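Q:
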Amino acid sequence: MMQKNEPISRRQMMKKSLAAATILTSASAGRAVTKVKKAPVRLGGPTFEKFQDPAGWVAALKKLGYNAAYCPVGADAGDDVVKAYERAAKDANIIIAEVGAWSNPISPDEKTRKEAQEKCRRQLHLADRIGARCCVNITGSRGEQWDGPSAKNFTDETFDMIVETTRAIIDDVKPSRTYFTLETMPWAYPDSADSYLSLFKAIDRRQFAVHLDPVNIVCSPQRYFGNGDLIRECFAKLGPYIKSCHGKDILLQLKLTTHLDEVRPGLGGLDYETFLKELSKRPDVTLMLEHLPNAEEYRLAAEYVRGVGKKIGVSFA
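Here the sequence shown is numbered in my numbering, starting from 0 and rising by one per residue.
#1: If contact is defined by three or more beta carbon pairs under 8 Å, each pair taking one atom from either stretch, is the region 145-163 in contact with the region 185-199?
#2: Just curious, the alpha helix (DSSP H) that N66 is in, first and last residue?
#3: Which one of Y223, K280 and D228 has the shortest CA to CA distance from K242?
#4: DSSP puts I137 in a beta bridge; with which residues?
#5: CB T352 to CB A126, shorter than 8 Å?
#6: Tell me whether E143 is buried or exposed, calling it buried when 16 or more other Cβ atoms sit within 10 Å of its Cβ.
#7: If you reduce the DSSP assignment to three classes, tell me which class K247 lands in.
#8: Measuring CB to CB, does R204 end up less than 8 Å from I230?
#9: Taking only the alpha-carbon atoms, compute the straight-line gap between Q252 and P292 and give it to the nearest angstrom.
#10: Would you call G267 buried or exposed, if buried means 16 or more other Cβ atoms sit within 10 Å of its Cβ?
#11: Rounded to whole angstroms, what's the CA-CA distance from K173 to I94? Just pull it up for me.
#12: A115 and G147 - do their beta-carbons sit closer together than 8 Å?
#13: Whose C-alpha, out of A68, V40 and V162, is nearest the C-alpha of F47?
#14: Across which residues does DSSP place M287 in a beta bridge pair?
#15: Once you ignore the five residues that flank D212 on each side, which residues in its own chain have a CB closer than 6 Å to its CB?
#16: What residue does the beta strand (DSSP E) around I311 start on, and which one ends it?
#17: Can you tell me whether DSSP reads I93 as helix, strand or coil?
#18: Tell me whether I269 sits in a helix, a strand or coil according to DSSP, three-state version.
#19: At what residues does the alpha helix (DSSP H) containing A54 begin and finish?
#20: Just curious, the alpha helix (DSSP H) that F234 is in, first and last residue?
#21: Opposite T154 in the DSSP bridges: which residues?
#22: Go through the region 96-130 residue by residue and report every complete run of the alpha helix (DSSP H) that reaches 4 residues or more, in order.
#23: Could you tell me the distance, in whole angstroms, from the CA atom of N103 to the CA atom of W145?
#24: Just the Cα atoms here: how many angstroms apart are S314 and K276?
#25: Can you name the start and end residues of the beta strand (DSSP E) that L211 belongs to?
#26: Between the Cα of S197 and those of A88, D228 and K236, spot the shortest distance and give me the residue it belongs to.
#27: Return the Cβ separation of E85 and G130 in integer angstroms, given the expectation that the two are a contact with Cβ distance under 8 Å.
#28: Going by DSSP, what residue range makes up the beta strand (DSSP E) through F315?
#29: Return the residue from the list D193, Y195, H210 and H258 that minimises the CA-CA distance to Q221.
#30: Quick one: what's got a C-beta closer than 6 Å to A96's C-beta in the same chain, skipping five residues either side?
#31: Tell me which same chain residues have a C-beta within less than 8 Å of the C-beta of G312, skipping the five on either side of it?
#32: Pull up the distance between the alpha-carbon of H124 and that of T164, whole angstroms please.
#33: Out of A91, A87, I137 and R141, which has the shortest C-alpha to C-alpha gap to E109?
And the structure:
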């Protein structure tokens, strides 16, 4: 076990992580002959129907056929309200998948950075109070846009900032029922299974885990046409640590130079057969639809995902 506060460079960590990944992948291959039983996938998304209480919330989710949900309350909710929603979810066999902490905890602006780190603590505490699978944020950006590209995003210095910032958030909150996770991104760490392993090992906290958004790391034609292999790699290397996934789609346009657009599931090239097969091996890992403009678009997205599941023999909880 490494010293808890010992800084470690990205290059050092990458070497260790790649070695570990090779061992994990070899072990997985050795077990490939064992038939893996498929578990129902837990699908969820936002609700557009207004609700006033836990019963109304559950009814809205059930109407949509969801068995996973985004957190229905804010960090300012009283303990009695939080417990009521947690109890209602459990009674209805609904998993509260994630609490968003969307912000830039490594911002170059000190005020923005401190406010973001405080938001992460607050939202992680909420996730722990309500028993969510995870609290999720991105690592952030060293540029002007909180979720945008920057030449500094892939430096050793930024890697170390992410490690120390994440450790501090988890150490301050001390969650016991949930995990702090960092969503995969195209132009910031973690941008691959191996870079996620590097962060995972460097952060070295029991309550740190993985949030997988495969669309976010389909950032080249090579990854676009090989995204099935990319998804399998992520689950092979990160599977035991994945708490939640985002479900969307991506489309490679025909115009030069490379243009990749996020689209509704079913309108792009993401290999949902592979995605659902891998999810079916991980009971209680949630698949959360996102980024769609209205209820009808979410209905169509869910319909497509369920249709793919039916085609390949994957059911939904």
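Using N, Cα and C, we set each Cβ at its ideal position, and we do this for glycine too. All of these numbers come straight from a predicted model, not from anything done at the bench.
A: If we stick to the structure as given:
#1: The region 185-199 is in contact with the region 145-163.
#2: Counting along the chain, N66 falls outside any alpha helix (DSSP H), and DSSP gives it neither H nor E.
#3: Of the listed residues, the one whose Cα sits closest to K242 is K280.
#4: The bridge partners DSSP lists for I137 come to none.
#5: Residue 352 lies beyond the range of the chain shown here (0 to 316); nothing can be said about it.
#6: Residue environment for E143: exposed (fewer than 16 other C-beta atoms within 10 angstroms of its C-beta).
#7: In the structure shown, K247 sits in coil (DSSP, three-state: anything other than H, G, I, E or B).
#8: The answer is no: Cβ separation not under 8 Å.
#9: Pairing Q252 with P292, the inter-Cα distance amounts to about 21 Å.
#10: Label assigned to G267: buried.
#11: Roughly 22 Å separates the two Cα atoms.
#12: No.
#13: Taking F47 as reference, the option from A68, V40 and V162 with the minimal CA-CA separation is A68.
#14: DSSP, once it has assigned bridges, lists G43 and H245 as partnering M287.
#15: Taken in chain order, the residues that qualify are E182, T183 and H245.
#16: Note, I311: premise wrong, no beta strand (DSSP E); alpha helix (DSSP H) at A294 to I311.
#17: It is coil, neither helix nor strand.
#18: First, the residue type needs correcting, since residue 269 is Leu and not Ile in the sequence shown. Of the three classes helix, strand and coil, the one that applies to L269 here is coil, per DSSP.
#19: Per DSSP, A54 belongs to the alpha helix (DSSP H) from P53 to K62.
#20: Per DSSP, F234 belongs to the alpha helix (DSSP H) from N226 to L237.
#21: Under DSSP, T154 forms no beta bridge with any residue.
#22: Counting only runs that start and end inside the region 96-130, the alpha helix (DSSP H) elements of at least 4 residues fall at 109-129.
#23: Here the alpha carbon of N103 sits roughly 5 Å from the alpha carbon of W145.
#24: Straight-line Cα distance between these residues: approximately 10 Å.
#25: It spans F207 to L211 - the beta strand (DSSP E) in which L211 sits, taken as one unbroken run.
#26: Restricting attention to A88, D228 and K236, the CA atom closest to the CA of S197 is found in K236.
#27: 5 Å between Cβ atoms; contact.
#28: DSSP places F315 outside any beta strand (DSSP E), giving it a letter other than H or E.
#29: Ranking the options by Cα distance to Q221, first place goes to H258.
#30: Excluding sequence neighbours, A96 sits near G43, A67, R132, S243, T285 and M287.
#31: Within the same chain, G312 has close Cβ partners K37.
#32: In this structure, the alpha-carbon of H124 lies about 16 Å from that of T164.
#33: The shortest Cα separation from E109 among A91, A87, I137 and R141 belongs to R141.
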